[in-house]
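First the structure, in the form of structure tokens, and then the observations on it.
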Amino acid sequence: MKEFDRIIGYSAEKKELEQIADCLRNSDVYKKLGVNAPGGLLLYGEPGVGKTLMSDCLIKASGRKAFVCRKNKPNGEFINEITKTFEQAKENAPSVVFLDDMDKFANEDERHRDAEEYVTVQSCIDEIKGKDVFVLATVNDIQRLPRSLTRAGRFDRRLEINAPRGADALEIISHYLDGKSLAENIDKQYIARLMEGDSCAKLETLINEAGVYASFDRADKITMEHFMRAYLRSTYGRDINDDDDDDDDYCNSKSEGKKMIDDTVWHEAGHATVSEVIYPGSVTLVSVTGVSSGKSGLTSYSNINSILPLDYSKFRAVGSLAGAAAIEQRVGVPGNGASRDFDQAFDMVRDMIEDDCICGFHLHGSPYRNSENLNSSIEKATAAKIEEYYRKAKEILSLNSEFFEKIARALAEKKLLTAPEIQAIRSECNIERRYMKEETYGSFIADRRRSDRRRNRILSPDR
């Protein structure tokens, strides 16, 4: 159906929407088999992923008249508005009731879901059953709704719309870049990888912001530098050029013919080196331009889909400790500014001990056997595991000192390294991986997606 051509990517979601649209447009075909069209569809997912656009396409493809209800009146008046919308749809059947941002209909939190607005919607849905009225709703946070409202019979179909990833992200980015004057160095594949998991709205905004930077510079074309400036500004609140006056701070003196490099650079280079040695291609961006006021850096990681959740947690725990380990490699003691790295590592390791039993079943954090002795044992096991992973990070840096130093010096010079630049440096070095042991890391390459809890992008925090 041509109406769905407006949706870029999301092939699986479009196929389901097309099926529902066909049910609504050609209901007689389905009735011959004694089949009824679904009574309702609930599209849910984070803001900016295109739920309203998909709803509009579905309505147009259905050929039905739609009656739209959005929260635009005070509570008392809005109750009447909901009822009025359903009555109009029933009088003009076959039709569609579109409840946009339904989780905003009431101000109740997720523990108090019996708001009058939701009760009214439920009642209205029940009253139109058998009246050939299709109910379509979009929701950002489905947890705010009562289960009695979202159950089958009221919403027969529920479709989660996630932020674009992989081929979908690349297709959407390519669409937004069409018609723009681009330099040859624009790497669509890298942009898609860097922004994987961001909403469609953010993708569009960032690409436009890159154009704003290019226009302000009076450039003939949008370059990758313009895009990276827009990305850092939008995502972390800093521009790549914010520290121009302090460039010498990262390389501020010479010793034996080599520039001395700021601790921030060594810290972030440590994160990048250890992560790239353990799992090549895991780092998407390393920067020392900062994520807040003052000197700080960041390391951004890609959403790796071919790694087990437990292995990913181990990998990230070692990587989190690499910043402090890198400073110790250089000056003999762990550097300042790694407290949040340690917090992150301790949280991940404790989760693995309590949830995944990596130190034995006796330390499983079951709520039925919680005790002071158990907590004490878990804390000791966590500390011991952190010590092990910290030694592992130092070992990786020692065995790969050439890679480590090249990353640091390139980062000191450029202030920002992209994944292709990191891979180019890696290809020049002899990577030593003899420390990789089955009992420590398990199977890093596995044909299984990470769980949502562990596949979120984790960043090296402000220093």
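Using the working numbering, the letters of the sequence shown map in sequence onto residues 104 to 566.
Ideal Cβ placement from N, Cα and C applies to all residues, glycine included.
This one's a predicted model, so the numbers in the text were calculated from it and none came from an experiment.
In this structure, how does DSSP classify residue i when only helix, strand and coil are distinguished?
i	result
T392	coil
A140	coil
L67	Summary: the structure shown does not reach residue 67, with the chain confined to residues 104 through 566, and so no result is reported for it.
T485	helix
I325	strand
Y147	strand
D349	Only weak support is given to the placement of D349: the predicted model assigns it a pLDDT of 49, under 50, and the question is left unresolved by the model.
E119	helix
N129	coil
M298	coil
I182	helix
R529	helix
R536	coil
K134	helix
G397	Confidence at G397 is low in this model, with a pLDDT of 47, below 50, so the placement of that residue should be treated as unreliable; the coordinate-derived value is given next. Coil, per DSSP.
Y113	coil
D159	helix
Y293	helix
K154	helix
K174	coil
D366	helix
G340	coil
D320	coil
E106	helix
From the DSSP secondary-structure annotation, give me the bridge partner or partners of residue i.
i	result
S403	L388
V315	Looking at the DSSP assignment, V315 forms no beta bridge with any residue, so it has no partner.
A169	V199
L335	Answer by DSSP bridge pairing: none, since L335 is not bridged.
T521	L388
L514	DSSP, once it has assigned bridges, lists no residue as partnering L514.
L285	I325
Tell me the rounded alpha-carbon separation between residue i and residue j.
i	j	result
L388	A124	42 Å
G193	T186	In the sequence on display, residue 193 carries Lys and not Gly. Going by the C-alpha atoms only, they are around 11 Å apart.
R472	F330	52 Å
D366	S423	16 Å
K168	A270	34 Å
V238	A272	29 Å
E287	N139	53 Å
N255	G300	Correcting the residue type first, residue 255 is Ala in the shown sequence and not Asn. Distance between the alpha carbons of A255 and G300 is about 29 Å.
D290	S277	10 Å
S130	E190	22 Å
K518	C532	21 Å
Y293	A522	8 Å
L520	K154	35 Å
V452	A313	39 Å
R44	F506	This structure cannot settle anything about residue 44, because the visible part of the chain is limited to 104 through 566.
K207	G166	27 Å
V391	H467	39 Å
C462	V368	34 Å
Y279	L202	28 Å
E379	I510	11 Å
E274	L306	11 Å
S480	L252	45 Å
D454	I499	24 Å
Y415	E116	28 Å
T241	P150	10 Å
N311	R332	12 Å
G340	E524	23 Å
Y334	G400	15 Å
S403	S442	18 Å
N503	Y382	14 Å
Answer with yes or no whether the minimum CB distance from residue i to chain C is below 7 Å.
i	result
S165	Checking the listed chains, one finds no chain C in this structure; it contains a single protein chain.
In chain order, which continuous runs of the beta strand (DSSP E) of length 3 or greater are located wholly inside the stretch 194 to 279?
198 to 202, 236 to 242, 260 to 263
Can you check the stretch 430 to 502 for any alpha helix (DSSP H) of at least 4 residues that lies completely inside it and give the ranges in chain order?
442 to 458, 475 to 502, all fully within the stretch 430 to 502.
Would you call the stretch 255 to 263 and the stretch 139 to 159 in contact, with 3 or more CB pairs under 8 Å?
Yes, the stretch 255 to 263 is in contact with the stretch 139 to 159.
Using 8 Å as the cut-off, can you tell me whether the stretch 506 to 523 makes contact with the stretch 444 to 451, which would need three or more C-beta pairs spanning the two stretches below that distance?
no
Using 8 Å as the Cβ pair cut-off and three pairs as the minimum, do the stretch 314 to 333 and the stretch 281 to 288 touch?
yes
Any 3 or more C-beta pairs closer than 8 Å across the stretch 372 to 388 and the stretch 426 to 439
yes
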